Amino acid sequence: MARRSYVAVVTTVLVAEGVLLVWNAWRFDWLAGYDAFANDLYATVVSTDLRLPSANETGVWHTPPLWFGLAGALRRLAEAVGWEQIQRPGQLLAAASGLAVCIVAFLLARALWPERRGLHVVALVLTAATPALVRASAMYHPETLAAALAGGGLLVAVRGLRTRPTLATGAGAGLLLALAALTRAWALPVLCAVALVLGIDAIGSRRWTAMPALVAVAVVVVGPWLVNQQLAHGSALAFNRSPPAVSLLERRPASFYLGPRMLDVFDQPVTPRFRNELVPHLYADWWGDWSLTWDTPPPPAPGVLLPDRVVGARVRQAALGVVPTVLALAGLVALVFLAVSRRSLALGLLPLSAGALAVAYLLFAVRFPSTDGDTIKATYLLALLPCATVGAAFVVDTARPQGRAWTIAVAAGLTILVAAQLPFLVL
């Protein structure tokens, strides 16, 4: 791809994504997002009283406070200037963070394969056109900020590993990852993965600066929050519900793991079908809108069927998601083999981080079972999105034969994928 075309395409995609996310945030009813009212109570307490809320004040007391502090400050500013919708700045913060996730995916691809411009573009487009990211970017919710900060920390670490990890590399990655963990606990597995890889690099190279710097900065930044949770709530990873008094293996039925209604994801991918069946539930929520929070009419009375257009749109989304999902999974596996063959810790960091987050997600869903499927949300996994899309882009770019015709075919395929998903990208 010529440099001028490359710059033009990347700029166009980023501008279009920025406009899209701001448009959606402006139109999305903030109360329709996950835990919206509880989030607003948290932000109000933090910004007004300058303290953490108690478990009696908000149901999301267990969530780290960084996003709430920022959203609360923006909320007070909106009140001061007489803005009618005082939660809107918090939604715009989520939208800006969603755009940052796209930029991180692009820069990760560029850091690993600087000369493969087509790969960079594919990673960027696949990230920008992920319904789970676009939906979360419109909500009054901290998830996209955590994903952006975690991705930024991963990017700093990858760049350091590509050359030579330094004190600045470790401190920079540690700061971003710690801030991500101070936004959502889902960043902690990524932080652990980066610390492990930097430790392995230190053992091999005998350069003991980056890993201790990362750990030290992370302890200073996120340590007080974890200590507070341990002292105040009995666990550094406290949650707003208590785990059942049975062993971990007994907390979920076999259907949770086996997904006996898995194929229903291509027939009726909406609540309450296959509720609490991990794979179909997660898949339908990632590519479509399992919980019906995106541009849908009010839920019908129990026993009343949803309109055909609502179900049909989500059925099409389920079918569309097959190819990107297969590419992402194949890409992460390919990165593992490539990292081993090249002995590249930078390449191996992506699948390791994604795997660490996936394991943490599974353990969380098993540890805190719910009857309403609340602990199986696709947005919990947004921090692994850049790793997945970079892996998918690697497969596409590697499998694509050289030649202008194949480049046009890939571009056409991406265009069709984006166009077909517009109902779940544009509100």
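In terms of the working numbering, the sequence shown opens at residue 1326 and continues consecutively. All C-beta atoms, glycine included, are put in the ideal place defined by N, C-alpha and C. None of these values were measured; they are calculated from a predicted model.
With a Cβ-Cβ cutoff of 8 Å, do residue i and residue j count as a contact?
i	j	result
L1562	A1510	yes
L1291	R1352	Because the chain here runs from 1326 to 1752, residue 1291 falls outside it and cannot be looked at.
L1502	A1535	no
G1495	V1429	no
L1663	L1672	yes
R1586	E1602	yes
A1420	A1350	yes
G1646	F1749	no
A1541	W1533	no
G1415	R1401	no
L1607	A1703	yes
V1449	V1338	Note that residue 1449 is Leu in the sequence shown, not Val. Yes, Cβ-Cβ distance for L1449 and V1338 is below 8 Å.
L1391	L1507	yes
D1722	R1487	no
G1478	A1498	yes
A1368	G1407	no
A1685	L1709	no
F1591	V1635	no
A1363	G1384	yes
L1433	L1480	yes
L1682	P1514	yes
G1358	Y1465	yes
T1714	L1500	no
P1676	L1660	yes
A1403	R1413	yes
A1482	L1523	yes
L1739	V1459	no
In terms of residue numbering, what span does the alpha helix (DSSP H) encompassing residue i cover?
i	result
A1664	1647 to 1667
T1455	Unbroken run through T1455: none, as it is neither H nor E.
D1722	1710 to 1724
A1333	1328 to 1352
A1737	1729 to 1745
D1610	1603 to 1612
A1420	1413 to 1437
V1684	1670 to 1692
Y1582	1579 to 1583
Taking residue i and residue j to be in contact with their CB atoms under 8 Å, please state how far apart those CB atoms are, rounded to whole angstroms.
i	j	result
V1519	A1472	No, V1519 and A1472 are not in contact; Cβ-Cβ is about 15 Å, not under 8 Å.
L1492	A1457	About 36 Å separates the two Cβ atoms, so there is no contact after all.
P1594	W1619	Actually they are not in contact, since the Cβ atoms of P1594 and W1619 sit about 13 Å apart, beyond 8 Å.
R1600	D1589	The Cβ separation is near 11 Å, so there is no contact.
L1707	A1461	6 Å
P1605	G1584	5 Å
N1565	W1386	7 Å
P1578	R1692	About 15 Å; that fails the 8 Å criterion.
Would residue i pass as an interface residue toward chain D - the criterion being a Cβ-Cβ separation below 8 Å?
i	result
L1521	No chain D is part of this structure, which consists of one protein chain only.
Unbroken stretches of the beta strand (DSSP E), 3 residues or longer, contained in the segment 1362 to 1403:
For the segment 1362 to 1403, not a single whole beta strand (DSSP E) run of length 3 or above is found.
Where in the segment 1488 to 1564 do unbroken runs of the alpha helix (DSSP H), each at least 4 residues long, occur, reported from the N-terminal end onward?
List check, alpha helix (DSSP H) in window: 1492 to 1506, 1512 to 1530, 1535 to 1558.
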